[in-house]
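To keep things clear, I will list the structure first and then write my remarks on it.
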Amino acid sequence: MNNNSFNLAYRDRGTWLDRASGATKLLAFIFLSGISMIVLDTRFLIFLVILSLIVLKISRVKFSEVSFLIKLVVFFMIINLLMIYVLAPGYGAQLYHSKDIIFGSGPYALTKQELLYLVNISLEYFVAVPLALIFLLTTNPSEFASGLNRIGISYKISYAVSLALRYIPDVTKEYQQISLSQQARGNEISKKAGFFKRLRGAAAILVPLLLSSIDRIESVSQAMELKRFGAKKKRSWYFAEQLKAVDWLVLFIVLLIMIGGVILLVVNGGRFWNPFIH
């Protein structure tokens with residue numbers, strides 16, 4: 132793993148996404164991800180995927196910064212799809228009230244209905260992941276915490292979220308350092324090694340990473356306790372900002388998309404779009 136990969140750190144890239152409030156981006160992420168999980172209309176999901184990828188492109192986030200995370204998500208997505216097919220191969224036929232076999236026979240015959248259902252599940256991933264990356268990589272943790280507090284969330288919770296976002300880059304950097312140290316000691320964890328050897332190598336990295344993270348948490352908690360964090364009901368924020376025009380525009384667009392999703396629920400007579408109705 133090189134130094135450019137898996138770099139989940141905030142950096143001002145000079146786009147309008149960096150100027151938008153962290154609270155606005157969080158609300159957009161929650162609402163758009165939520166509506167994609169509720170409205171399983173393939174056409175609507177494709178629209179959301181295209182929108183997410185366009186906004187990710189606008190954010191100027193490089194693929195090298197998030198390649199490791201994307202590969203990890205795709206890996207778990209494939210496992211999830213396989214498990215769905217193995218455990219419920221006929222679920223798509225039940226949902227769409229029809230059964231058109233593509234190939235195979237018996238309970239594991241692949242049907243058009245099951246394939247469409249699996250495609251919808253895959254599209255949900257491709258909606259949520261770019262939105263999550265945009266939120267993580269274009270949001271200043273301190274500004275985001277103040278935004279959360281401004282919309283009514285306790286400052287203690289807001290500060291905890293801010294700390295989590297702030298230490299993600301530190302944890303990823305420490306992961307890289309431990310990984311390089313293990314490789315220097317002859318612990319091969321690259322693609323050249325076998326699966327089980329790489330799995331043992333990953334364990335040799337995660338254990339010291341976990342211990343160092345616990346040590347970091349203890350240090351931060353002691354420092355906050357010494358500074359009497361939480362002694363008062365309210366606190367001030369250095370990065371407190373009011374919602375700007377770009378925030379209201381983003382929220383308005385998200386509202387329109389939400390309304391479109393609700394309309395599709397009514398038109399489709401439920402969560403699923405059924406193209407197999409004759």
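Quick note, the sequence shown lines up with residues 132 to 409 if you use our numbering. Even glycine gets a Cβ: it sits at the ideal position worked out from N, Cα and C.
- TYR290 sits close to ALA276, with the two beta carbons spaced by under 7 Å.
- In this structure, PRO261 lies away from LEU311, with their beta-carbon atoms at least 7 Å apart.
- Remark: fewer than three beta-carbon pairs, one from each stretch, lie closer than 8 Å, so the region 138–155 and the region 240–254 are not flagged as touching.
- When the alpha-carbon of GLY235 is set against those of PRO220, LEU226, LEU249 and LEU374, the nearest one is in PRO220.
- If you check the CB distance, VAL302 and LEU179 do not come in under 7 Å.
- Residues LEU187, VAL192 and VAL197 of the same chain have their beta carbon placed closer than 7 Å to that of LEU264, with the five preceding and five following residues left out of the count.
- The region 165–182 and the region 384–394 touch, with three or more beta-carbon pairs separated by less than 8 Å.
- Judged by DSSP secondary structure, ILE177 falls outside any beta strand (DSSP E) and instead within the alpha helix (DSSP H) spanning 173–189.
- DSSP assignment within the region 268–346 yields the following whole alpha helix (DSSP H) runs of 4 residues or more, N-terminal first: 272–281 and 286–315.
- In the three-state reduction of the DSSP assignment, ILE232 falls in the strand class.
- The beta-carbon distance between LYS375 and ARG150, rounded to whole angstroms, is 7 Å. This is short enough to meet the 8 Å contact definition.
- Of the residues LEU226, THR173, ALA154 and GLU274, the one whose Cα lies closest to the Cα of VAL250 is THR173.
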